[in-house]
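Participant:
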Amino acid sequence: MAQTSTYPIQCPECKSQQDEVLYDSLDVGKEPELRKQLLENKLNRIKCNSCHFEFHIDKNLLYHDSKGGWMIFHSPSTMENADTAIEEFDKVLRDMKELLPSGQELPPVDLVLTRVELVERIFVREAELDPRVIEYVKYLIYTQNLDKFMPENSALLLNGQECNEENLCFVVQDLETRKLESLLHYKRETYEDLVELLVQDGELSLIQQLFPGPYTSARAYLIQDEI
Ligand SMILES: [Zn+2]
């Protein structure tokens, strides 16, 4: 079930205070309309009682799809402050594990830092793709196209709606202008080969060596590599 709490919120326009009930977690398996609200940017959205300004509150949110059997934890943060988000993530995992009946295991839980990443990851999980292999594909696309776009100023995002049986589709987004610049296709067959090569059972699969942390991002990997 969804969990909510009341938070004191200050309007960014007129600075007046009001208390608002916001979502801390939601289960779209039980309440599918919350998925729609989130994708339409209507979840945790507030209207100021004084000046009627509308704004969105970015806060920690646990997105659970109990039908699909996976979760995504959104801890709003910049890439530079990912360590704090990872600490929050670890705490949420510990709390959830404590509440589990013994013998039961948590479903996979992903960590994302931005709302854009959250929406993308929902599509990746819903399409039953492996998020780490998708990031590895992005890593390959970045390194093969450094003359066209750089990880510092361009995000590569899976476009779930344009994927088909033959191809996965990615869009390049200019991070400054937020504009979507071009579409890239990647053969699904090559993706499947990578899954076979990189993902094995057990602790030491190749993909875990490439992306060991809970925050899996080709962009972060490439940018930090440069630092
Ligand atoms: Zn206001």
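Numbering (our numbering), first residue to last: 343 to 569.
Virtual Cβ for every residue (Gly too), placed ideally from N, Cα, C.
Source: prediction; values computed, not measured.
In chain order, which continuous runs of the beta strand (DSSP E) of length 3 or greater are located wholly inside the stretch 386-428?
Facilitator: Correct list: 387-389, 396-398, 403-407, 412-416.
Participant: Consider the C-beta atom of glutamate 362 and the heavy atoms of ligand 1; say whether any pair is separated by less than 7 Å.
Facilitator: Result no, Cβ not under 7 Å from ligand 1.
Participant: Taking the DSSP output, what are the residues bridged to lysine 529?
Facilitator: DSSP, once it has assigned bridges, lists Asn509 as partnering lysine 529.
Participant: With burial defined as no fewer than 16 other Cβ atoms inside 10 Å of the residue's Cβ, what is the status of asparagine 386: buried or exposed?
Facilitator: Buried, since its Cβ has 16 or more Cβ neighbours within 10 Å.
Participant: For ligand 1, any of its heavy atoms closer than 7 Å to the Cβ of serine 593?
Facilitator: Given a span of 343 to 569 for the chain in the structure shown, any question on residue 593 remains unanswerable.
Participant: Applying the criterion that 16 or more other CB atoms from any shown protein chain within 10 Å of the CB defines a buried residue, is proline 354 buried or exposed?
Facilitator: Exposed, since its Cβ has fewer than 16 Cβ neighbours within 10 Å.
Participant: Let me know the secondary structure DSSP gives alanine 562 once reduced to three states.
Facilitator: Correct three-state label for alanine 562: helix.
Participant: Ignore the nearest five residues each way along the sequence and tell me which others in serine 347's own chain have a CB closer than 6 Å to its CB.
Facilitator: So the qualifying residues of the chain are Asp366.
Participant: Could you tell me which residues DSSP pairs with proline 350 in its beta bridges?
Facilitator: Answer is Asp361.
Participant: On the three-state DSSP scale, how would you describe valine 451?
Facilitator: Strand.
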